Structure formats: C-alpha cells, structure tokens
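In full-length UniProt numbering, the protein residues as written are 1 to 223. Ideal Cβ placement from N, Cα and C applies to all residues, glycine included. The structure presented is a predicted model; accordingly, all values stated were derived computationally and were not measured.
Listed below in structure tokens is the structure:
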C-alpha cells in the first residue's frame, strides 16, 4: 500500500464501518489507475492487505460491481472491466462536459494553498513520468485535477466526476507507456496553472478540455 493509499484510508471517518473504508480505498485505487483493465482481484488477498475479514471486502466489491467499476464473471472471478472504444469515448465525453465546468466554478474559490498543491502535484507527476513510476504518475495526475475541482464545495458535480474517474482510471494506465516515449507532449497542466494565476476562466476551461482530449487520443492508440 502506498502513502497515497494510507492517506485516503485516514480521511475516512474512523467511526465508519470497515466495509466503507475498504470501499473508498478500492475506489481510490481504481480512479488513480492503480488497477489495470482485466486485472483479477482476490477477496482473501485484499482482506489480508487491508486488515479485515473477507465479508467487508465482499460488501465493497458488490457495491463497486453495481457501479460497473468491477465485474464478476460466471466463474465468480472478480476483475476490472474491459471496455471497448465506444465505452471509453462515452466516459471521456462526459469528462469533457463536466470537468471544464467544475474547474471554472472552482476558480473563485482557489487560494494559494490550492495553487501550491496543484503545482506540487504537477511537478511530482512530471518527475514520475521521467522515472518511469506509473503509480506516482497516476496518483499525482489525480491529485492535480481534484485539488482544482474540490476547491469549490460541491455535493453533485465533483461526485459525478469522481464516479467517472473510478470507471475510466484503469484505462488511463494504458496511455502511460506511450506518454513515456512521447517527445511532444503539450503541457496542459502548465497552461491550466497559468490560467489560474491570471484568473482566466476561458483559458482554464480550454486547458482542461485539451488535457482530456490528449488523454483520449493516447487511450485510443492503445486499444
């Protein structure tokens, strides 16, 4: 378990049932691409790793299956779903509709704390890319986006985006090998940071939209 995983577990209300903490942890792993499409999950292995019995792990898995974030096959095999081109296009279209809006709504609420967090996440993401650290790359990309979106309190829009990331996160991992080899990646995060500093809502929307489109382009080459 990484430090990011531990931090996410610590954020869960300590009075919450264990199955809720495990559910949130598995959601976090999926949204960061810590699990790949087609990867199998073992209830017993997860229970041993996360410090519980099989029952709360099974409860969490059933919830994620209902949300189409995991799948259970005819042989009771639990795995991260595979998706076709149409599924990915639909999820990324939803991101394109929601995330620039979430970024624009967050803009008036951003303070130096948020900017520092975003700059740090972007620098750590780029370092992870250079070092071939896929886990760090995915975690810091996630941190960059949600440091922005969560700056404005929201119980609807950000929750919708989080649900999308849980489903598409594993497919972000598919673009990673191509990103490592790329020589001409545009710095969309840098563009977003510049727009934040200038208070440029249109520029921020454009940077987030372009970032999502870049990710989609890479994914489609990996299918």
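Residue environment: residue 27 is assigned as buried (16 or more neighbouring CB atoms within 10 Å of its CB, all protein chains considered).
By the criterion of at least three beta-carbon pairs nearer than 8 Å, the stretch 191–209 is in contact with the stretch 97–112. Look at residue 79 here: in three-state DSSP terms it is strand. Remark: C-beta atoms of residue 173 and residue 138 approach each other more closely than 8 Å. Rounded to the nearest angstrom, the gap between the Cα atoms of residue 132 and residue 212 is 21 Å. Straight through space, the alpha carbons of residue 121 and residue 163 are spaced by roughly 21 Å. Three or more beta-carbon pairs drawn from the stretch 22–36 and the stretch 153–171 are found closer than 8 Å, and the two stretches are therefore classed as touching.
Membership of residue 85 in the alpha helix (DSSP H) is indicated by the continuous run 85–106.
Taken in chain order, no unbroken stretch of beta strand (DSSP E) lies wholly in the stretch 142–211 with a span of 3 residues or more.
In this structure, the straight-line span from the alpha carbon of residue 66 to that of residue 60 is close to 10 Å. Taking the CA atoms as reference points, residue 216 sits about 21 Å from residue 147. The residues 209, 212, 213, in chain order, have a CB closer than 8 Å to that of residue 96 in the same chain once the five nearest residues on each side in sequence are set aside. Our two residues, residue 89 and residue 161, have alpha carbons roughly 15 Å apart in a direct line. Looking at 35, 149, 42, 116, the one whose alpha-carbon comes closest to that of residue 81 is 35. Annotation for residue 106: 148, 149, 151, 152 place their beta carbon closer than 7 Å to its own, counting only its chain and skipping 5 residues before and after. Taking the Cα positions, residue 108 is about 24 Å away from residue 165.
Going by DSSP, residue 44 is part of the alpha helix (DSSP H) stretching over 43–50. In terms of Cα proximity to residue 87, the closest of 196, 76, 77, 68 is 68.
The beta-carbon distance between residue 78 and residue 40, rounded to whole angstroms, is 7 Å. This is short enough to meet the 8 Å contact definition. From the listed residues 93, 92, 25, the smallest Cα separation to residue 63 is found for 25.
Distance between residue 20 and residue 58, taken at the CA atoms: about 11 Å. Relative to residue 141, the option among 125, 156, 134 whose CA is nearest is 125. Distances from the CA of residue 113 to each of 17, 196, 91, 188 were compared; the closest alpha carbon is that of 196.
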